[in-house]
Amino acid sequence: MLGQSRHCSLLCHSKHPRARQALVFSVYIGLYHRLSCQIITTVHLSPFAMWSTSVLLFLGLTAGVIPTYAMSHPKHISLPATIGSNTSSSAWKTLNHPEIHVKDHKSFSITTPPATDLWRPNAEPKSDNFTVPYVYREIKANKFTSIAVTVNADWKTRYDQGGIAIIFPGPKPLKWVKTGIEVENGAPQYGTVGTYAFSDWSLSPIQPQNATTARFVVERSGSEMWVYILNDAKNPDAGRYPLREVTWAFLEDRTGDDVILQVGVYAGKPTYSANSSTEGLEVHFSDLVIV
Numbered sequence: 006m007l008g009q010s011r012h013c014s015l016l017c018h019s020k021h022p023r024a025r026q027a028l029v030f031s032v033y034i035g036l037y038h039r040l041s042c043q044i045i046t047t048v049h050l051s052p053f054a055m056w057s058t059s060v061l062l063f064l065g066l067t068a069g070v071i072p073t074y075a076m077s078h079p080k081h082i083s084l085p086a087t088i089g090s091n092t093s094s095s096a097w098k099t100l101n102h103p104e105i106h107v108k109d110h111k112s113f114s115i116t117t118p119p120a121t122d123l124w125r126p127n128a129e130p131k132s133d134n135f136t137v138p139y140v141y142r143e144i145k146a147n148k149f150t151s152i153a154v155t156v157n158a159d160w161k162t163r164y165d166q167g168g169i170a171i172i173f174p175g176p177k178p179l180k181w182v183k184t185g186i187e188v189e190n191g192a193p194q195y196g197t198v199g200t201y202a203f204s205d206w207s208l209s210p211i212q213p214q215n216a217t218t219a220r221f222v223v224e225r226s227g228s229e230m231w232v233y234i235l236n237d238a239k240n241p242d243a244g245r246y247p248l249r250e251v252t253w254a255f256l257e258d259r260t261g262d263d264v265i266l267q268v269g270v271y272a273g274k275p276t277y278s279a280n281s282s283t284e285g286l287e288v289h290f291s292d293l294v295i296v
């Protein structure tokens, strides 16, 4: 297995929206500081008026610049999937306005715009970038056994991705595990991210080379979570290969009877396409099973 972390130099590429967003934000902070100092030194204001002016100026300048996540309210939908009777799960819900197309009785797709990601680059929770369109069910942790899905897309651009995402929405900071196909080094790879204090990233070469379809399984095993890739997406009996062991998944405050998981699928496109600033990515999902 090939394991690696996203080096900061990747984030500084001119087409990377996270780097551009950070640059714009830093410019706005500088502008805010200069304007605040000018107002305070040239106009006699009470302490409360100075505080109010600074807050309003900051909010006005940074509106739309600071990244947010969970941008849409949960929305009930219907999707083709096999749901175990013992999962005690909720109805389907969505975050970040996924564009969903149901294909038939066993498949659907999620289309994401560019500049969407599920990533925490450092241990500061404010750095979270949870902007991917996400479709999920809420399931009690002690009832969750596994989720499996087949993923396919026309993968083109670096970091194009889609697959399974499991969120632990308990006490902040959020924790999550995601796995699926992700483009790196010019080709689709098996990619898995575990986010505890911050996000780490591991890759494994896709088999066969340059394949665009794969079936992933995430299972609970005691206090751990295991991520597997099926050797043959069309043949569940062909065996599977372990991609990741997440040892912290069901430890600490994630073990109680009242712990709720968000279990589902997502699509993400952190970078823009070479010739378009609006082109999105449609990720296809089939044979989704949650038990």
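Each position in the sequence shown, counted from 1, maps to that position plus 5 in this note's numbering.
Backbone N, C-alpha and C define an ideal beta-carbon position, used for all residues, glycine too.
Owing to the predicted nature of the structure, the values given are computational and were not obtained by experimental measurement.
Query                                                                                                                                                                                 : Result
Rounding to the nearest angstrom, what Cα-Cα distance links Glu224 and Lys148 in this structure?                                                                                      : 12 Å
Should Pro275 and Ala120 be called a contact, given that it needs their Cβ atoms to be closer than 8 Å?                                                                               : yes
With 16 as the cutoff for other CB atoms within 10 Å, does His78 come out buried or exposed?                                                                                          : Because the pLDDT at His78 is just 48, under 50, the model does not fix this residue reliably, and the point stays unresolved.
Using DSSP's beta-bridge definition, name the partner residues of Pro210.                                                                                                             : Gln194
Please report the residue range of the beta strand (DSSP E) in which Glu257 lies.                                                                                                     : Glu257 -> no beta strand (DSSP E), and no H or E assigned at all.
For the region 173-185 against the region 127-141, do three or more pairs of beta-carbon atoms, one drawn from each stretch, fall closer than 8 Å, so that the two count as touching? : yes
What number of angstroms, rounded off, separates the C-alpha of Ile152 from the C-alpha of Tyr271?                                                                                    : 13 Å
Touching or not, the region 229-236 and the region 98-110, by the rule of three or more beta carbon pairs under 8 Å?                                                                  : no
Check this for me: beta carbons of Tyr139 and Gly269, under 8 Å apart or not?                                                                                                         : yes
Looking at the unbroken beta strand (DSSP E) that takes in Lys183, where does it start and where does it end?                                                                         : 180-189
Identify the continuous beta strand (DSSP E) that holds Thr283 and give its terminal residues.                                                                                        : From DSSP, Thr283 is part of no beta strand (DSSP E); its letter is neither H nor E.
Give me the Cα-Cα distance between Thr155 and Gly185, rounded to the nearest whole angstrom.                                                                                          : 9 Å
Could you please give me the residues that DSSP links to Trp231 through a beta bridge?                                                                                                : Glu224, Glu250
Helix, strand or coil: which one does DSSP assign to Ala238?                                                                                                                          : coil
Check whether the Cβ atoms of Ala192 and Arg220 sit closer than 8 Å, and answer yes or no.                                                                                            : no
Count the other C-beta atoms from every protein chain shown that fall within 10 angstroms of the C-beta of Ser291, then say buried if there are 16 or more, exposed otherwise.        : buried
Let me check one thing: in DSSP terms, what residues is Trp124 bridge-paired to?                                                                                                      : Asn134
Tell me the rounded alpha-carbon separation between Glu143 and Gly273.                                                                                                                : 21 Å
Compute the Euclidean distance between the alpha carbons of Pro247 and Thr197, then round it to the nearest angstrom.                                                                 : 11 Å
Can you give the Cα-Cα distance for Glu229 and Asn190, rounded to whole angstroms?                                                                                                    : 30 Å
Specify, as a first and last residue, the run of the beta strand (DSSP E) that His110 falls within.                                                                                   : Unbroken run through His110: none, as it is neither H nor E.
Going by beta carbon distance, what residues of the same chain come within less than 8 Å of Ala68, once the five residues before and after it are set aside?                          : Low confidence applies here, because Ala68 scores a pLDDT of 43, under 50, leaving its location unreliable; read the following figure in that light. Taken in chain order, the list of residues that qualify is empty.
Since Glu171 is in the beta strand (DSSP E), which residue starts that stretch and which ends it?                                                                                     : Just to set this straight, residue 171 is Ile in the shown sequence, not Glu. Looking at the DSSP string, the run of the beta strand (DSSP E) that includes Ile171 is 166-173.
Which class does Lys148 belong to by DSSP, given the choice of helix, strand or coil?                                                                                                 : helix
Between Val294 and Val251, what straight-line distance do the alpha-carbon atoms span, to the nearest angstrom?                                                                       : 21 Å
Only counting the same chain, and skipping five residues up and downstream in sequence, which positions put a Cβ closer than 6 Å to that of Thr47?                                    : Summary for Thr47: the model assigns pLDDT 48, below 50, so the residue's position carries little reliability, and this model does not support an answer.
To the nearest angstrom, how far is it from the Cα of Thr162 to the Cα of Trp124?                                                                                                     : 17 Å
Under the three-state reduction of DSSP, which class applies to Ala153: helix, strand or coil?                                                                                        : strand
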